[in-house]
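> For reference, the structure I am asking about is given below.
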Amino acid sequence: MLIGAIEAGGTKFVCAVGDENGRIIEKTSFPTTSPEDTLVMAKKFFSSFKIEALGVGTFGPVNLDRKSTTYGTILNTPKIKWRYYPLLERLKTDYEIPVYLGTDVNAACLGEYHFGAGEQVDSCLYMTVGTGIGAGFVIDGEVFQGKNHPEMGHILIKPHPNDSFIGSCPSHGSCLEGLASGTAMEKRYGVKAHLLENIDHVWEIEAYYLAQALMNYYVILSPEKMIVGGGVMKQAKLYTMVQKQFMELLNGYLEVEHVDELIVAPKLEDEQGVKGAIALAIKDLV
Numbered sequence: 001m002l003i004g005a006i007e008a009g010g011t012k013f014v015c016a017v018g019d020e021n022g023r024i025i026e027k028t029s030f031p032t033t034s035p036e037d038t039l040v041m042a043k044k045f046f047s048s049f050k051i052e053a054l055g056v057g058t059f060g061p062v063n064l065d066r067k068s069t070t071y072g073t074i075l076n077t078p079k080i081k082w083r084y085y086p087l088l089e090r091l092k093t094d095y096e097i098p099v100y101l102g103t104d105v106n107a108a109c110l111g112e113y114h115f116g117a118g119e120q121v122d123s124c125l126y127m128t129v130g131t132g133i134g135a136g137f138v139i140d141g142e143v144f145q146g147k148n149h150p151e152m153g154h155i156l157i158k159p160h161p162n163d164s165f166i167g168s169c170p171s172h173g174s175c176l177e178g179l180a181s182g183t184a185m186e187k188r189y190g191v192k193a194h195l196l197e198n199i200d201h202v203w204e205i206e207a208y209y210l211a212q213a214l215m216n217y218y219v220i221l222s223p224e225k226m227i228v229g230g231g232v233m234k235q236a237k238l239y240t241m242v243q244k245q246f247m248e249l250l251n252g253y254l255e256v257e258h259v260d261e262l263i264v265a266p267k268l269e270d271e272q273g274v275k276g277a278i279a280l281a282i283k284d285l286v
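Under full-length UniProt numbering, the letters of the sequence shown match residues 1 to 286, in that order.
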């Protein structure tokens, strides 16, 4: 069985074809431009394969309320040309096969749950820390979702005592994304995060914010595994720093025997999005 997968990012589209075991057969990527141009490029790639279903993890916000008449429509995104674009309707028209839609971060979580760092547990959370911050939660193979998809990157957290930055989120200022995303770091320090590698206090502040978020998610959802990825987490030393601050913030309230087994890096090497999109389709096909 061949399954199509799209990781629809705000910067680039990643399209792949794989099988039900998550094995990627072929993959391509191209910039996310206008809906028309981008989706034509995607259709051209998939035209070489006889796919039986298509899974899509998209940037948001997107309407995932199945009861809504605009289910599958991109909502008030900063990408003006995509604002209120009926993505699911267009894909169903283009491919005339079953199409399964979720958010990019929920798809990534599903990918790690089935094929990566979460495949030995019943529940896992995946948080991506990059241009923005988002998180998804999977339990017993099902993505957690209420009326619409959670926006875990926009929780409110305490500012670090040594951080005077007011935050970069246009809606909330000093929410998690506004204080700890790659965008926030660049606005705070004036350079890209990867150029700050050897400045310890930068990463101490970053770890403090990420540890706060993970502690909040942990006491609410109690996941067996919390997987943290994204461009900012390419600083490998961050994992140890986050784990340490997580334990300090938790302060013995809940028992965590091996924090290095609870808070971990992804295993899918930037393919969790497309593999999760495959899993999204397979979940409803089998």
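In this text, a Cβ means the ideal position worked out from N, Cα and C, and glycines have one as well.
Just so you know, these numbers come straight off a predicted model, no measurement behind them.
Under 7 Å between the Cβ atoms of A279 and I3?
Start at 1 with the first residue of the sequence shown, and residue 279 comes out as number 279. Start at 1 with the first residue of the sequence shown, and residue 3 comes out as number 3. Result no, Cβ atoms of A279 and I3 do not sit closer than 7 Å.
> Helix or strand or just coil, what does DSSP make of Y100?
Counting from one through the sequence shown, the residue named residue 100 turns up at place 100. Note: Y100 maps to strand in three-state DSSP.
> Is DSSP giving M215 helix, strand or coil here?
Here the question's residue 215 lines up with position 215 in the sequence shown. Helix.
> Can you tell me where the beta strand (DSSP E) with K27 in it begins and where it stops?
Mapped onto the sequence shown, residue 27 falls at position 27. Taken as a continuous stretch (DSSP letters only), the beta strand (DSSP E) holding K27 covers I24 to P31.
> Could you spell out where the beta strand (DSSP E) holding V256 opens and where it closes?
On the sequence shown, residue 256 is found 256 positions in, with the first residue counted as 1. Taken as a continuous stretch (DSSP letters only), V256 belongs to no beta strand (DSSP E), as it is neither H nor E.
> Which residue spans inside the segment 14–99 form an unbroken alpha helix (DSSP H) run of at least 4?
For the segment 14–99, whole alpha helix (DSSP H) runs of length 4 or above, ordered along the chain, are 35–46 and 87–95.
> Cα separation between H194 and G102?
As a working mapping, residue 194 is identified with position 194 in the sequence shown. As a working mapping, residue 102 is identified with position 102 in the sequence shown. Cα-Cα distance, rounded: 30 Å.
> Can you name the residues that DSSP bridges to I133?
Taking the first residue of the sequence shown as position 1, residue 133 is located at position 133. According to DSSP, I133 bridges with V129.
> I'd like to confirm the pairing. Which residues does DSSP put opposite A5 in its beta bridges?
Your numbering for residue 5 matches position 5 in the sequence shown. Paired residues: A16 and G55.
> Pull up the DSSP beta-bridge partners for E197, would you.
For this step, residue 197 is matched to residue 197 along the sequence shown. According to DSSP, which records beta bridges pairwise, E197 is partnered with nothing at all.
> Grouping DSSP H, G and I as helix and E and B as strand, with all else coil, what is L280?
Stepping through the sequence shown from its first residue, residue 280 is reached at position 280. Three-state DSSP puts L280 in a helix.
> Expressed to the nearest angstrom, what Euclidean distance is found between the alpha-carbon atoms of G10 and V259?
On the sequence shown, residue 10 is found 10 positions in, with the first residue counted as 1. On the sequence shown, residue 259 is found 259 positions in, with the first residue counted as 1. Spanning the two alpha carbons is a distance of roughly 33 Å.
> Can you tell me where the alpha helix (DSSP H) holding E178 begins and where it ends?
Stepping through the sequence shown from its first residue, residue 178 is reached at position 178. In the sequence as presented, Glu is not what sits at residue 178; that position holds Gly. L176 to A180 is the extent of the alpha helix (DSSP H) around G178.
> Is the segment 165–175 touching the segment 244–254, taking contact as three or more C-beta pairs under 8 Å?
Judged by Cβ distances under 8 Å, the segment 165–175 makes no contact with the segment 244–254, as fewer than three pairs qualify.
> Buried or exposed for residue 288, please, with buried defined as at least 16 other CB atoms from any protein chain shown within 10 angstroms of its CB.
Because the chain here runs from 1 to 286, residue 288 falls outside it and cannot be looked at.
> Starting from V242, trace the alpha helix (DSSP H) in both directions and tell me its first and last residue.
Taking the sequence shown and counting its residues from 1, one reaches residue 242 at position 242. Unbroken alpha helix (DSSP H) run through V242: K237 to L250.
> Is the Cβ-Cβ distance between G153 and I133 less than 7 Å?
Locating residue 153 in the sequence shown gives position 153, where the first residue counts as 1. Locating residue 133 in the sequence shown gives position 133, where the first residue counts as 1. Yes, these two residues count as a Cβ contact at 7 Å.
> Span of the beta strand (DSSP E) holding M226?
In the sequence shown, residue 226 corresponds to position 226, counting from 1. Counting along the chain, the beta strand (DSSP E) containing M226 begins and ends at K225 to G229.
> I'd like the list of long-range same chain contacts for F30, defined as Cβ closer than 7 Å, with 5 residues on each side in sequence excluded.
On the sequence shown, residue 30 is found 30 positions in, with the first residue counted as 1. Only K12, F13 and M41 meet the Cβ criterion.
> Assuming contact is defined by CB atoms lying nearer than 7 Å, are G22 and G130 in contact in what I supplied?
Counted from its first residue, the sequence shown places residue 22 at position 22. Counted from its first residue, the sequence shown places residue 130 at position 130. Their beta carbons are not under 7 Å apart, which means G22 does not touch G130 by this criterion.
> Assign V264 to one of three DSSP states: helix, strand, or coil.
Numbered from its first residue, the sequence shown carries residue 264 at position 264. In the structure shown, V264 sits in a strand (DSSP, three-state: E or B).
> Check whether the segment 50–58 and the segment 84–97 are in contact - that is, three or more C-beta pairs closer than 8 Å.
Yes, since at least three Cβ pairs between the segment 50–58 and the segment 84–97 fall closer than 8 Å, the two stretches touch.
> I'd like the list of long-range same chain contacts for V121, defined as Cβ closer than 7 Å, with 5 residues on each side in sequence excluded.
Taking the first residue of the sequence shown as 1, we reach residue 121 at position 121. Excluding positions up to five away in sequence, the list reads E224 and K225.
> Which term fits T240, buried or exposed, when burial requires 16 or more other beta carbons within 10 angstroms of its beta carbon?
Residue 240 sits at position 240 when you count from the first residue of the sequence shown. Under this definition T240 is an exposed residue.
> Once DSSP output is grouped into helix, strand and coil, what is the label at L118?
Looking up residue 118 in the sequence shown gives position 118. A small correction: the amino acid at residue 118 is Gly; Leu does not occupy that position in the sequence shown. Here G118 sits in coil by DSSP.
> Quick one: what does DSSP say E112 is sitting in, helix, strand or coil?
Locating residue 112 in the sequence shown gives position 112, counting from the first residue. Helix, per DSSP.
> Give the secondary structure of I157 by DSSP, where H, G and I count as helix, E and B as strand, and everything else as coil.
For the purposes of this step, residue 157 is taken as residue 157 along the sequence shown, with counting starting at 1. It is coil, neither helix nor strand.
> For my contact list, N162 and I205 are in at a C-beta cut-off of 8 Å; report their separation, rounded to the angstrom.
Locating residue 162 in the sequence shown gives position 162, counting from the first residue. Locating residue 205 in the sequence shown gives position 205, counting from the first residue. Right, the Cβ-Cβ distance comes to about 7 Å (below 8 Å), so this counts as a contact.
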